[in-house]
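Protein chains in written order, with my numbering: chain A, 1 to 363; chain B, 1001 to 1363.
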DNA sequence: CAAAAATACTTAATGCTTTAAGTATAGAAG
DNA sequence: CTTCTATACTTAAAGCATTAAGTATTTTTG
């Protein structure tokens, strides 16, 4: 690509032709009130005739210190955001908030090999949407010294945080299942670490987890399970991503265990939907033979042939809050949004119709 | 938000402390080969200790003329891209191509009130994904004088174009319906104009259409319908957007006509899915009482309780091609990607099972 | 009609980096 | 030991705009 911002004429060129100072030309473009309409028109007309494309964004940015865009940093391959309904919903909120404020929205991938692009992106602030909790990656971002907001994940001192009560919500899921009488549970989680591991996990791996959301949800499940009452057995499977396919893989493992779990908790709806597919394949009746609970309440959870019990979280709102927090417009350092347990057919034999659901506020 | 790119120390500050020239500091960051490892390390260490965040992107950009990001311009509210499966799939391809090349992906809304942000975005090129074919809006973009690519929509001389044979594909849809013996047709289209009109349209409105994709598809339908053979009646409904809800509204109108159409062609799957919902509500059997054909082959088309006949187009590939074309890496001025008619239960009584489908190459 | 105020425009400093070309030094080659 | 080359670093120009403060001119006001 040719150096696109170069070789396009400058304010000075226009000024010379019109016979005014550069200041006037600058004002013609960005502060109309400083000029007589007549001169302004003349300048703009000349600019057009000279093919002058308007003030160079880089120079303007250098001078004003304002880029007019914010970035969302995403740890997985960038295209996943367009494939994952939860990420899409969040970004939808971010996009809406950006549009309102006339800000551009820059999507950045973080992780190894992507440091340079994070370092040199022309932005006014960063929303950290997913990022492993490891020092190297964080450093690149923090080093920019830009305003930032962390969404879900870990938190950093003095950096605004927007999220939900992951642990409390997960706890409520597990309690729900426990209350239904299940004593053998399976848990399917999206990554705890950034190593693309796929398989059962041990305690150590859980405790060292560098994706906080997964860890908090896991902790929620486990605490509710261990919170007294009847003894409950648990098998855990970690997936390298959060797709239906990963859910299927997990289910193939968990459902072949003997004795088979009677309920599966998944840290995302996509995983849960994958689990249900496999259950159907093995002719297990849901919720009688197997109860399934997801997390997120993506549209597919409700639309599924067998509607999924899940935790509803306000993704769009999260996105809007994240932008607001980034711009320091208002609000506290920590914004915790409310969630609800949505009970549908996939877990509760008492829910008889597909369009029936029960909402329970969490906390 | 505080002026974030300001007040952060400069190359010069670091140079002074280390006691070297600014050039050396610059090289330490961006051209390691120009410096002894020892000096480089010293400079970077000092930079860290001074909280110098690395070269100012604006200044670097001003000097090099390279921004490191490209933009996708979208005419509807930006958050729609995260809600529309077709747009998501396209952007998914764009995102993948950007990641590969270490480019940032900036999402920009175009249209009234958004000119300034398009004018001042720090980018190296533009992918025009949707944009009404009206001079004012186009001008803002063209005026930037940046490399650009137009995807679908109108084309501009010497601007690379990536798209599909909309008209041919639509023609094949209509022929398919015609061959099945239908003589009363309804057509549901997404916007032909940017005026949010919702209702039946006349010839004039169609001919003056400023969204080319809609126009080309409409023309395809109509030409196939008028191409001799039995006489066929057509009712057309234009929607202000391309959602299921719009499809429902359209269906409420079309299905109340007397006599009722026996087939409905929709310019998008989302519209078609909305139509099918209403058909179900009225207890119409699909495809016997009503055949429905969509366009795009989004995942929901296949997953629908009654799988939808539609045109499959390679969205991700379109995105990747658009980026490639923007970077002038290869390829001709016009890239036309192949499409297929995917025949499923919603149109063809001969398709008996939900998971059965027939593919027909278009052209 | 003189003084004050508003309007319209200019001056000039400043923002921070990149990079071709130049210089000094150390090491290799003859 | 001289000459050449490579290495390591410096010089200085250029990239393009914004904007506070100043000047000249016109309009308003008393």
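The beta-carbon is built from N, C-alpha and C at its ideal position, and this holds for glycine as well. The model shown is predicted, which means the values in this text are computed figures rather than measured ones.
Asked, Found
"Residue 345 of chain A by DSSP, collapsed to three states: which one?", "coil"
"What are the uninterrupted segments assigned as alpha helix (DSSP H) that are 4 or more residues long and contained completely in the segment 179 to 211 of chain A, given in chain order?", "203 to 207"
"Are residue 1331 of chain B and residue 1097 of chain B closer than 8 Å when you measure CB to CB?", "no"
"Note down, in chain order, every chain A residue with its Cβ under 7 Å from the Cβ of residue 1053 of chain B.", "143, 144, 145"
"From the DSSP secondary-structure annotation, give me the bridge partner or partners of residue 104 of chain A.", "A:69"
"Please state the DSSP three-state secondary structure of residue 301 of chain A.", "helix"
"Tell me, please, which residues DSSP counts as bridged to residue 163 of chain A.", "A:336"
"Using the rule of at least 16 other Cβ atoms within 10 Å of the residue's Cβ for burial, across every protein chain shown, is residue 1360 of chain B buried or exposed?", "exposed"
"With DSSP as the reference, label residue 1131 of chain B as helix, strand or coil.", "coil"
"Quick one: which chain B residues come within Cβ less than 9 Å of residue 77 of chain A?", "1095, 1096, 1099"
"Cβ-heavy atom distance between residue 326 of chain A and the ligand GDP below 7 Å?", "The ligand GDP is not part of the structure shown, which contains no ligands of any sort."
"With 8 Å set as the bound, which would you pick, yes or no: does the beta-carbon of residue 1129 of chain B sit closer than that to a beta-carbon of chain A?", "no"
"Which residues mark the beginning and the end of the alpha helix (DSSP H) in which residue 117 of chain A is found?", "115 to 120"
"Let me know the secondary structure DSSP gives residue 356 of chain A once reduced to three states.", "coil"
"Considering only C-alpha positions, which residue in the set B:1016, B:1047, B:1284 is nearest to residue 1028 of chain B?", "B:1047"
"Restricting to Cα atoms, I'd like to know which of B:1100, B:1091, B:1122 is closest to residue 1128 of chain B.", "B:1091"
"Please list, in chain order, the chain A residues whose beta carbon lies closer than 9 Å to that of residue 1279 of chain B.", "Near residue 1279 of chain B there are no residues of chain A at all, since even the closest Cβ is about 18 Å away, more than 9 Å."
"On a CA-only basis, which of B:1087, B:1280, B:1009 is nearest residue 1055 of chain B? Give me that one, please.", "B:1009"
"The beta strand (DSSP E) with residue 1328 of chain B in it runs from where to where?", "Residue 1328 of chain B -> no beta strand (DSSP E), and no H or E assigned at all."
"Are the Cβ atoms of residue 1321 of chain B and residue 1335 of chain B separated by less than 8 Å?", "yes"
"Do residue 1132 of chain B and residue 1168 of chain B have their beta-carbon atoms positioned less than 8 Å apart in this structure?", "no"
"Going by other Cβ atoms of all chains shown within 10 Å of its Cβ, with 16 needed for buried, is residue 4 of chain A buried or exposed?", "Annotation note: pLDDT 38 at residue 4 of chain A (below 50); position unreliable, no value reported."
"Touch check for the segment 143 to 151 of chain A and the segment 102 to 112 of chain A: three-plus C-beta pairs under 8 Å?", "no"
"Whole angstroms are fine: how far does the CA of residue 175 of chain A sit from the CA of residue 229 of chain A?", "11 Å"
"Considering only the alpha carbon of each residue, which of B:1349, B:1344, B:1323, B:1357 lies closest to residue 1126 of chain B?", "B:1323"
"Would you identify the three-state DSSP class for residue 289 of chain A, choosing helix, strand or coil?", "coil"
"Look at residue 1363 of chain B and residue 1343 of chain B and say whether their C-beta atoms are less than 8 Å apart.", "no"
"By the 10 Å Cβ neighbour count, where 16 or more other Cβ atoms means buried, how is residue 171 of chain A classified, buried or exposed?", "buried"
"Please state if the CB of residue 1296 of chain B and the CB of residue 1310 of chain B are separated by a distance shorter than 8 Å.", "yes"
"With a CB to CB cut of under 8 Å and the five nearest residues on each side skipped, what residues in its chain are close to residue 1032 of chain B?", "1040"
"Under 8 Å between C-beta atoms, does residue 5 of chain A make it to chain B?", "Below a pLDDT of 50, predicted positions are generally treated as unreliable, and residue 5 of chain A, at 39, falls in that range; no measurement from the model is reported."
"Listing by chain order, which chain B residues have their CB less than 8 Å from the CB of residue 8 of chain A?", "1145"
"Going by DSSP, which residues form a beta bridge with residue 1152 of chain B?", "DSSP output for residue 1152 of chain B lists no bridge partner at all."
"Measuring CB to CB, does residue 1275 of chain B end up less than 8 Å from residue 1266 of chain B?", "yes"
"Nearest-angstrom Cα distance between residue 61 of chain A and residue 67 of chain A?", "6 Å"
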